[in-house]
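Residue numbers (my numbering), protein chains in the order written: chain X, 522 to 823; chain S, 25 to 256.
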């Protein structure tokens, strides 16, 4: 029986919460638009930071150490170098690229290369046999490169030194800025909403007082306001969610999933936009509920 | 045993003003009691302590065996559910109809629709407002509004009804009507305490009268009158 009672009270409070949004529509609208604007910015930041993280990962995975070997080594010695590289920690994969293959590839690249390279006999080929080494942890790529260089028979090692490190640190900073933006926006909205809802509640001070006098517990006074906050958060997240789903998938289609250059690939829109939408709704609801609950506290004797 | 016992109750507000000095009182179950006194005599403070809007700074207030003075703020609602309070300014919700103003109390406590309906209509019938259930407070006279407030106070069948200057805003004829309503409620078994300034009413009703003066009990009459020579 007690359960029935609580369900009835909850249903009544849900009804009252919705009624109050309609009744104090202009003030509700203020809170709703407050949440909407913030969630829009949060959505952009979330999509941005996730994409940055994604293409950082793509680029990192693509980092390769090119190991050039002395021209007078025979196959046996070359495979010994391979064994030694494999012994190092942090090695993901090793691929052999002979000077013959490199020359063939270069021929395809341009007409000039083709004429020059075609004039070489096999022994005249000045290029080096190479190994293409991929590492597991790209942050330690320079370390791996140094150790490979020390191996006997290795002439030189290239991995885009400097460029990679600075690229990584730039991405790192962008990501951190986006995360800080998102977090501070959420906090700022929470305060804005507390204040907006405080105004709505101020006009209902008398109602709260009367409820208290006729024997309403703090919880039962709070509940309709918290439910109201929940709906305000939910309504406030409608526009951001729609914009996220349509906006991002349109962007993805229009750009073909690639931004500026082949390097920067976008995250596939599905299920990504749904995850972002879900997070937006949760943020909206939680902020709305916390906002109302904090705002109503002032009028309760606790 | 007495329904209400007030033992050595003192109340000093944080501002330093003392409203009550060592007050002792007993009120029997089913009594109708007037509390009178001039402004500043401490009668409103006493009422507020009965429904625990204020806490005494000393002494005990025992209602039905519970020491109200020691009640924690978050438990106050349990006391309030067992008593009804009527105010001078009615304290009705303007956006709700007469019916809703009474029914919302029961809805808040989780009664089902049929129970809410039956109890609300019974209470409104008792105060003589059954025909006005769909009106809004602004469409009612002062006396009718106060009757709605009384209906709200008694709808959950409280053991105690506290009325703080219930006729303060009403004309003499209407005041008497309100008192008659309170008397009916009293006759049904509810203990009623009325704070008032209204001399005529006290004289006509011939009930117990407690006179407070500057925070102290001055006189306590069974079937008393409001003495014209008393300062008030």
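Ideal placement from N, C-alpha and C gives every residue a C-beta, glycine not left out.
Residue i beta carbon near the ligand COA (any heavy atom closer than 7 Å)
i: residue 54 of chain S; result: Judged by which ligands are present, the structure shown has none, so any question about the ligand COA falls away.
Cβ shell of residue i (< 7 Å), same chain only, five flanking positions each side left out
i: residue 225 of chain S; result: 191, 199, 200 and 203
i: residue 713 of chain X; result: 555
i: residue 696 of chain X; result: 570, 573 and 574
i: residue 538 of chain X; result: 745, 748, 749 and 752
i: residue 127 of chain S; result: 140 and 144
i: residue 230 of chain S; result: 247
i: residue 617 of chain X; result: 652
i: residue 566 of chain X; result: 699, 702 and 703
i: residue 661 of chain X; result: 611
8 Å contact criterion, which residue i and residue j should meet: CB distance rounded
i: residue 652 of chain X; j: residue 620 of chain X; result: About 12 Å; that fails the 8 Å criterion.
i: residue 183 of chain S; j: residue 214 of chain S; result: 7 Å
i: residue 217 of chain S; j: residue 178 of chain S; result: The pair is not a contact, with the Cβ atoms about 14 Å apart (cut-off 8 Å).
i: residue 235 of chain S; j: residue 60 of chain S; result: 5 Å
i: residue 678 of chain X; j: residue 588 of chain X; result: 6 Å
i: residue 870 of chain X; j: residue 659 of chain X; result: A query on residue 870 of chain X cannot be resolved here, the shown segment of chain X reaching from 522 to 823 and no further.
i: residue 171 of chain S; j: residue 205 of chain S; result: 6 Å
i: residue 591 of chain X; j: residue 654 of chain X; result: Contact flag wrong, Cβ pair sits at about 17 Å.
i: residue 82 of chain S; j: residue 136 of chain S; result: Not really, about 44 Å apart at Cβ, beyond 8 Å.
Residue i versus residue j: straight-line alpha-carbon distance, rounded
i: residue 804 of chain X; j: residue 717 of chain X; result: 17 Å
i: residue 92 of chain S; j: residue 241 of chain S; result: 20 Å
i: residue 116 of chain S; j: residue 41 of chain S; result: 31 Å
i: residue 576 of chain X; j: residue 602 of chain X; result: 32 Å
i: residue 773 of chain X; j: residue 721 of chain X; result: 41 Å
i: residue 671 of chain X; j: residue 779 of chain X; result: 39 Å
i: residue 43 of chain S; j: residue 49 of chain S; result: 16 Å
i: residue 593 of chain X; j: residue 625 of chain X; result: 20 Å
i: residue 173 of chain S; j: residue 105 of chain S; result: 15 Å
i: residue 263 of chain S; j: residue 69 of chain S; result: Not covered by the structure: residue 263 of chain S. The range shown for chain S is 25 to 256.
i: residue 559 of chain X; j: residue 692 of chain X; result: 24 Å
i: residue 703 of chain X; j: residue 535 of chain X; result: 30 Å
i: residue 110 of chain S; j: residue 26 of chain S; result: 23 Å
i: residue 114 of chain S; j: residue 169 of chain S; result: 7 Å
i: residue 249 of chain S; j: residue 219 of chain S; result: 14 Å
i: residue 599 of chain X; j: residue 665 of chain X; result: 18 Å
i: residue 525 of chain X; j: residue 531 of chain X; result: 10 Å
i: residue 800 of chain X; j: residue 633 of chain X; result: 55 Å
Same chain, Cβ closer than 8 Å to residue i, five either side skipped, listed in chain order
i: residue 554 of chain X; result: 757
i: residue 121 of chain S; result: 157, 158, 159 and 160
i: residue 132 of chain S; result: none
i: residue 789 of chain X; result: 773 and 778
i: residue 776 of chain X; result: 787
Residue i - partner residues in DSSP beta bridges
i: residue 187 of chain S; result: S:110 and S:218
i: residue 33 of chain S; result: S:47
i: residue 105 of chain S; result: According to DSSP, which records beta bridges pairwise, residue 105 of chain S is partnered with nothing at all.
i: residue 650 of chain X; result: X:590
i: residue 677 of chain X; result: X:589
i: residue 82 of chain S; result: S:34
i: residue 595 of chain X; result: Paired residue(s): none; residue 595 of chain X is not in a bridge.
i: residue 780 of chain X; result: X:785
Member of the options whose CA lies at the smallest distance from the CA of residue i
i: residue 158 of chain S; options: S:119, S:44, S:234 and S:73; result: S:119
i: residue 84 of chain S; options: S:39, S:67 and S:29; result: S:29
i: residue 707 of chain X; options: X:540, X:592 and X:809; result: X:809
i: residue 23 of chain S; options: S:56, S:95, S:148 and S:165; result: Here chain S comprises residues numbered 25 to 256, so residue 23 of chain S is not present and cannot be evaluated.
i: residue 680 of chain X; options: X:800, X:694, X:775 and X:586; result: X:586
i: residue 55 of chain S; options: S:150, S:146 and S:207; result: S:207
i: residue 102 of chain S; options: X:734, X:544, X:623 and X:608; result: X:734
i: residue 516 of chain X; options: X:641, X:674 and X:699; result: In the structure as shown, chain X starts at 522 and stops at 823, and residue 516 of chain X therefore has no counterpart that could be examined.
i: residue 164 of chain S; options: S:123, S:189 and S:187; result: S:123
i: residue 564 of chain X; options: X:615, X:818, X:767 and X:761; result: X:761
i: residue 647 of chain X; options: X:771, X:622 and X:629; result: X:622
i: residue 533 of chain X; options: X:798, X:743, X:800 and X:801; result: X:743
Cut-off 6 Å between Cβ atoms - residues of its own chain near residue i, not counting five sequence neighbours on either side
i: residue 715 of chain X; result: 812, 815 and 816
i: residue 57 of chain S; result: 51, 217 and 232
i: residue 100 of chain S; result: 76
i: residue 72 of chain S; result: 78
i: residue 245 of chain S; result: 233
i: residue 541 of chain X; result: 749
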